[in-house]
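Each residue of the sequence shown is one higher than the last, beginning at 9 in the numbering used here. All C-beta atoms in this analysis are idealised placements derived from N, C-alpha and C, irrespective of residue type, glycine included.
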Amino acid sequence: MNTQADIANESSQEATLGNESLNQFAYVPGSNKYQFGYRSISNIPITGAPNDTCWERWAMLFDGNDYRLYFFKASTNDTLYQFAFNRDTNAYEYGFNSIATLKLTGIPSDACSSSFAMLHDGTTYRLYLRRLGYPAVLYQFGFNSASSNYEYGHNSIPTLEITGAPSNIDWSRWGMLHDKGSYRLYAMQLGNNNVINQAAYNVATGHYEFGYNSIPELALEGTPNDSNLGEFSMLFDGTDYRLYLQKI
């Protein structure tokens, strides 16, 4: 299995950039930094997106084989478009090795779909929405291969709480990942585009706790000026922790 670090090292040409693309960062081991371009293809195009893609609502994951990218369909709260990374083109392509369109079912009436997060924990593809008005509460969905839907509570703890959040957390800018050992949640700070706070799931309490089994604060380094800092996404690919910002 080749990670994107391997691909970046092997490739002698940069990918051709389109209007929609991702700026990629990776965690520098032994530090508290996510560095732009570290062990990464620095910028990755997104191709084939439907005209009604909602670019502001997106999430990513790595499932052990594929790097995957998801966007909501515009003006919906229950329909996702799925992309995957094509190693031959160095681009995220709509429908590549994917179920192109996915549905969410059983959505709680007070779920907030203005942003979402996703991860794969080695067994289940998972999706998370926050509770409207109470962003420290997560609703958890699991992918049901029998129905090809993300179903609220499927193979999941339906509702999860986040505790110990600093007072300056920006709940609108958040992401999640699973690193084979822990479920992790990240959030930026209000008025700060360079610092991300980290939480992890504590099995003993059943909560996501800020600072638990984590580096409490992480810093972005080398962020390009053309980055959209209104949202971000994260994943762990078995080798590297990765963070993504859309290019403006």
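**Report entry** Helix, strand or coil at residue 97 [DSSP, three-state]
**Finding:** coil
Query raised in the report: Straight-line CA distance for residue 38 to residue 99?
Result: 30 Å
Query - Closest residue to residue 40 among 126, 202, 140 (Cα-Cα distance) - result: 202
Query raised in the report: Counting Cβ pairs, one atom from each stretch, are 3 or more of them under 8 Å apart for the region 113-120 and the region 53-70?
Result: no
**Report entry** residue 232 - containing beta strand (DSSP E), residue span
**Finding:** Note, residue 232: premise wrong, no beta strand (DSSP E); not H, not E.
Query raised in the report: Over what stretch of residues does the beta strand (DSSP E) that includes residue 178 continue unbroken?
Result: 177-186
Report task. To the nearest angstrom, report how far apart residue 50 and residue 75 are at their CA atoms. Result -> 15 Å
**Report entry** First and last residue of the uninterrupted beta strand (DSSP E) at residue 207
**Finding:** 200-210
Report task. Could you please give me the residues that DSSP links to residue 162 through a beta bridge? Result -> None, per the DSSP bridge assignment.
Requested in this report: Give me the Cα-Cα distance between residue 97 and residue 175, rounded to the nearest whole angstrom.
Outcome: 43 Å
Requested in this report: Compute the Euclidean distance between the alpha carbons of residue 171 and residue 221, then round it to the nearest angstrom.
Outcome: 14 Å
Report task. Tell me whether residue 198 is buried or exposed, calling it buried when 16 or more other Cβ atoms sit within 10 Å of its Cβ. Result -> exposed
Query raised in the report: Given that a residue counts as buried once 16 or more other Cβ atoms are within 10 Å of its Cβ, and exposed if not, what is residue 18?
Result: In this predicted model, residue 18 has a pLDDT of only 41, less than 50, meaning its place in the structure is not dependable enough to derive any value.
**Report entry** Cutoff 8 Å; reference residue 32; Cβ partners in own chain excluding five residues on either side
**Finding:** 12, 44, 45, 48, 49, 50, 51, 52, 250, 251, 252
Report task. Pick out whichever of 92, 209, 185 has its Cα sitting closest to the Cα of residue 240. Result -> 185
**Report entry** residue 241 - partner residues in DSSP beta bridges
**Finding:** 252
Query - CA-to-CA distance, residue 105 to residue 182, given in whole angstroms - result: 27 Å
Report task. Ignoring anything shorter than 4 residues or poking outside the region 90-153, list the alpha helix (DSSP H) runs there in chain order. Result -> none
Query raised in the report: What does a CB cutoff of less than 8 Å around residue 90 pick up in its chain, not counting 5 residues either side in sequence?
Result: 76, 77, 78, 102, 103, 106, 107, 108, 109, 110
Query raised in the report: Going by alpha carbons, who is nearest to residue 246 out of 187, 218, 87?
Result: 187
Query raised in the report: From this set, 238, 243, 56, 207, which residue's C-alpha is nearest residue 256's C-alpha?
Result: 238
Query raised in the report: Name the DSSP bridge partner or partners of residue 52?
Result: 30
Requested in this report: Drop a sphere of 10 angstroms on the beta-carbon of residue 165, count the other beta-carbons inside from all chains shown, and report buried for 16 or more, exposed for fewer.
Outcome: exposed
Report task. From the DSSP output, in three-state form, read off residue 223 for me. Result -> coil
Requested in this report: Would you check if the distance between the CB atom of residue 157 and the CB atom of residue 113 is smaller than 8 Å?
Outcome: yes
Query raised in the report: Does the beta-carbon distance from residue 126 to residue 135 come in below 8 Å?
Result: yes
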